Amino acid sequence: MQTPRATAEHSAAQTPPAAADQTPWWRDAVCYEIYVRSFADADGDGVGDMAGIEQRLPYLADLGIDAIWITPFYPSPQNDHGYDVADYCDVDPRFGTLADFDAMLARAHGLGIRVIIDVVPNHTSSEHAWFARALAAEPGSEERDRYVFRDGRGIDGSEPPNNWRSIFGGAAWTRADDTHGQPAQWYLHMFDATQPDLNWHNPEVGDEFEAILRFWLDRGVDGFRIDVAHGLFTPVDLADTATGDEASIFHQPEVHEVYRRWHRVLAEYDGDRMAVAEAWTDSPETTASYIRADELQQAFNFHWLLAEWSAEAFRDVVVQTLEAVGLVDASATWVLSNHDVVRHVTRYGGGETGLARGRAALLTMLALPGSSYLFQGEELGLEQVDVAPEHREDPAYFRGGSEGRDGCRVPLPWAGTQPPFDFGPGSGQPWLPQPAEWSALTVSAQSADPHSTLAFYRRALAMRREVNRGLDASVVLLDTAPGTLGFRRGDGLVCVINCGGQPARLPDEAGDVVLSSSPLDEPGTLPADTAAWFRAATATRPG
Ligand code: BGC
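Okay, structure coming up:
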C-alpha cells in the first residue's frame with residue numbers, strides 16, 4: 001500500500017497511504033507533539049532520543065494519532081533545549097544519528113504515522129558556524145550581515161541600539177567583543193543571548209533555509225513546524241517601540257514572501273507535505289494571514305489554548321476561528337498544551353476538577369472541524385510539575401521572562417512504581433526529576449484501567465475517526481443552557497460542553513450518547529465540567 005515518493009532518494013521516504021477522497025491528510029489529523037528529550041530514553045543517559053521514539057511508536061499508533069511533531073533534535077549546545085541549532089542537517093549525538101532518524105521515520109511511516117519536524121529559522125545557536133565567522137569578522141562584513149549587528153548608543157556605544165526586550169527577559173541585545181577582545185558591536189537576540197537572530201533581508205539566509213527544507217524533505221519528512229514563524233523580520237529602522245516587546249516588532253509583512261517560497265518548495269514533493277506556523281497573534285484573523293492559499297498549510301490556534309474555562313470564551317474562539325479560516329479557505333487547528341505553556345489540567349484548576357475540565361476541553365476540540373495537536377503526557381492527565389530551583393534548566397526562567405517552562409517538560413512515566421518509571425533502562429534518573437505520585441499515572445497503570453485518562457483518550461481518538469468520516473466542516477451553534485456551549489457538526493454529531501458550575505439541561509438536538517468525558521448520570525442533563533458527543537437527534541428522524 002505504500003507509494004514511493006517521486007523525489008525521494010532514501011529508503012525511509014515511504015509515505016502512509018493517501019486518503020481515498022484525496023483530502024490532504026493534515027486537514028483533519030490528530031498530531032502528537034514529542035518533546036524529544038522527555039519522551040523516551042533508549043540508551044539510559046536520562047535524556048530521550050530517536051531510538052526511544054522508535055521503540056514507543058506502537059504506543060502512539062495504538063493511541064490513535066495520525067502524526068507526530070518532534071521538537072528540535074539537531075546538534076545544539078542545548079541552551080534552549082535544541083531551539084538553539086548549531087547544524088540544521090544532522091542529529092545531535094545525545095539523540096542519536098541520522099541513521100537512527102531514518103529508522104524512526106521508516107517505522108513511523110510503516111505504522112501509518114506522519115512525521116513533522118521543527119525548523120528554527122528566526123535564530124541560530126551562537127555555536128553555529130555562521131555566527132562564529134560573524135564574530136571573527138569586521139563590522140559591515142558579509143559574515144556579520146547574516147545576523148543583526150549594530151553599533152550601540154551612548155558614550156562608547158555602551159548602550160544597546162534600541163529598547164527592544166528579549167521574550168525571555170532582559171535586553172534583546174548583547175555586546176560582542178571585537179577581534180582584539182574589546183567590547184564592540186551589539187547583536188540582536190529576541191530570545192537567549194545564545195540565540196542570535198538571523199537577518200532575513202540577506203538573501204543568503206533564505207537560500208540556506210530552502211536547502212535545509214529540501215534536505216529533510218528528501219529524507220521523507222511529511223512536514224515542518226515553524227518556530228517563531230511570525231518573527232523572522234524585524235523593522236529595518238530598528239527604532240525604539242512604545243513597549244519594546246515583540247508585539248510591535250514581529251508580524252512584518254516581508255515574512256509572507258518567505259512562506260510563499262516555502263509553499264512552492266513543499267508543492268514540488270508528493271504526499272501533501274505541509275508546514276504549521278508557530279505564530280502567536282492577537283486575533284484569529286492575523287493567524288489566518290499565515291495560511292492563505294499560497295502560504296503555509298496550518299498555524300497553531302493559540303486562541304483556543306489561551307481561552308479561559310468558560311463557555312463564552314470557547315464560543316468566541318470557535319466562531320472567530322472558523323470565520324477567519326473560512327476567509328482564506330484553510331482548515332482550523334486546535335491545541336490545549338505544548339512545551340511552552342502550563343499544562344492545561346493545571347490551568348483549569350488542577351486536581352479532579354482540572355482533570356475533568358481537561359477531558360471535556362479535549363472532547364470539544366476533537367469534535368470541531370480541522371486538526372488537533374496534543375502534547376505528550378496530556379493523554380495521561382499529567383499536571384504541571386513544580387520543579388525545584390536547583391533542577392531548573394529553562395533560559396526563560398533564568399532571564400526572568402517567565403515562571404519557566406520546565407514544569408511541563410518532565411520526562412514521561414511509562415511503567416513501574418518509582419522514578420524513572422521506565423523512561424529509560426535501569427534506575428538512572430532522567431534529566432528532570434519525576435514526581436513520585438506519577439506511579440498511578442504511568443502508561444502501564446492507566447492501560448490496565450478502563451476509566452483512566454489514557455483509556456478515555458484512546459476511545460475519543462478512535463471514535464473521532466469513526467464519526468468524523470463523512471462529516472462536512474460545517475458547525476451550527478445550538479441554543480443551549482447558560483454556561484454551556486453546544487454545536488452540531490454537519491448532520492451527524494452534536495457536542496455540548498458544560499463550563500457552568502451546575503448540571504445543565506441538554507438541548508433537544510442531543511440524541512443518543514456517543515461518548516462523554518465524565519459519566520452522565522441523569523438523562524437529559526450534562527454534569528458540570530463535562531462534555532459529551534451525541535448523535536444529532538434530527539439525523540435519526542425519518543424524512
Ligand atoms: C519554542 C520555544 C523556544 C523559542 C525560541 C518557541 O516558540 O516553542 O520552546 O524557546 O521558540 O526558539
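The numbering of the sequence shown is full-length UniProt numbering, which starts it at 1 and goes up by one.
All residues carry an ideal CB built from backbone N, CA and C; glycine is no exception.
Keep in mind the model is a prediction, meaning the values are calculated, not measured.
Heavy atom of the ligand BGC within 8 Å of residue i beta-carbon
| i | result |
| --- | --- |
| A86 | no |
| Y457 | no |
| I228 | Residue identity check: residue 228 is Val in the sequence provided, not Ile. Yes - the ligand BGC has a heavy atom lying nearer than 8 Å to the Cβ of V228. |
| P285 | Looking at the sequence itself, residue 285 is Glu, so the reference to Pro does not match. The answer is no for E285. |
| R150 | no |
| E278 | yes |
| H128 | no |
| V119 | no |
| R399 | no |
| H251 | no |
| A195 | Checking the sequence, you will find Gln at residue 195 rather than Ala. Q195: yes, Cβ under 8 Å from the ligand BGC. |
| N122 | yes |
| R37 | no |
| Y83 | yes |
| N338 | yes |
| R165 | no |
| R392 | no |
C-alpha distance - residue i paired with residue j, whole-angstrom precision
| i | j | result |
| --- | --- | --- |
| R541 | D508 | Because R541 sits at a pLDDT of 41, beneath the cut-off of 50, its placement in the model cannot be relied upon, and the following sentence gives the value as read from the coordinates. Going by the C-alpha atoms only, they are around 13 Å apart. |
| residue 544 | V276 | Because the chain in this structure spans residues 1 to 543, residue 544 falls outside the shown range and cannot be described. |
| G401 | M190 | 12 Å |
| A445 | E466 | 27 Å |
| Y457 | G64 | 9 Å |
| S166 | D245 | 7 Å |
| E142 | V236 | 17 Å |
| D178 | A455 | 59 Å |
| A324 | H251 | 17 Å |
| I155 | L327 | 52 Å |
| E54 | R409 | 20 Å |
| T417 | S427 | 12 Å |
| A247 | G500 | 33 Å |
| A8 | D87 | Unreliable placement is indicated for A8, whose pLDDT of 34 sits below 50; the coordinate value is still reported in the next sentence. Cα to Cα, the separation comes out at about 22 Å. |
| L515 | A462 | 11 Å |
| D43 | A388 | 26 Å |
| G490 | D151 | 59 Å |
| D282 | G404 | 22 Å |
| T243 | F421 | 45 Å |
| D28 | F149 | 43 Å |
| A539 | R459 | Here A539 scores only 49 on pLDDT, less than 50, and its place in the model should not be relied on; the value that follows carries that caveat. So the two alpha carbons sit approximately 23 Å from each other. |
| W334 | A360 | 14 Å |
| G351 | W25 | 36 Å |
| residue 544 | A184 | The structure shown does not extend to residue 544, since the chain spans only 1 to 543, so no value can be given for it. |
| G223 | H263 | 11 Å |
| G48 | A481 | 46 Å |
Residue j beta carbon less than 9 Å from that of residue i
| i | j | result |
| --- | --- | --- |
| W186 | T174 | yes |
| Y32 | I68 | yes |
| A40 | G52 | yes |
| P425 | P411 | no |
| L355 | T453 | yes |
| V30 | L432 | no |
| S517 | A536 | no |
| L105 | P58 | no |
| D192 | D84 | yes |
| D100 | P72 | no |
| V494 | G486 | yes |
| W200 | V120 | no |
| A510 | V496 | yes |
Candidates the options, of which the one nearest residue i by Cα
| i | options | result |
| --- | --- | --- |
| A239 | A361, A481, Q195, P161 | P161 |
| A330 | Y269, G370, R405, T243 | G370 |
| S126 | Q502, L305, S76 | S76 |
| R469 | G492, M365, D449, P450 | G492 |
| T321 | N338, H303, A311, E308 | H303 |
| T442 | L380, E390, R464, R144 | L380 |
| E437 | L471, S447, D386, Y397 | D386 |
| T23 | V205, R273, T194, A184 | R273 |
| P503 | D521, Y290, D512, T194 | D521 |
| R261 | F398, S289, L296 | L296 |
| N79 | Q376, R399, S310 | R399 |
- request: Mind listing, in chain order, the continuous alpha helix (DSSP H) runs of no fewer than 4 residues lying wholly within the region 452-494?
  value: 453-468
query = Unbroken alpha helix (DSSP H) runs of length 4 or more, entirely within the region 348-378: which are they?
reply = 351-367
Going residue by residue through the region 488-529, where are the continuous beta strand (DSSP E) segments of at least 3 residues, counting only ones entirely within it? 493-498, 510-516
* To do: Identify every run of the alpha helix (DSSP H) within the region 383-455, keeping only runs that are complete inside it and at least 4 residues long; order them along the chain.
  => 395-398, 443-447
*Segments of 3+ residues assigned as beta strand (DSSP E) that fall wholly inside the region 135-199*: 173-177, 183-188
(message) Suppose only complete runs of 4+ residues qualify. What are the alpha helix (DSSP H) ranges in the region 301-343, listed by chain order?
(response) 302-306, 311-327
message = So within the region 201-271, which uninterrupted beta strand (DSSP E) runs reach at least 3 residues, ignoring any that extend past its ends?
response = 223-226
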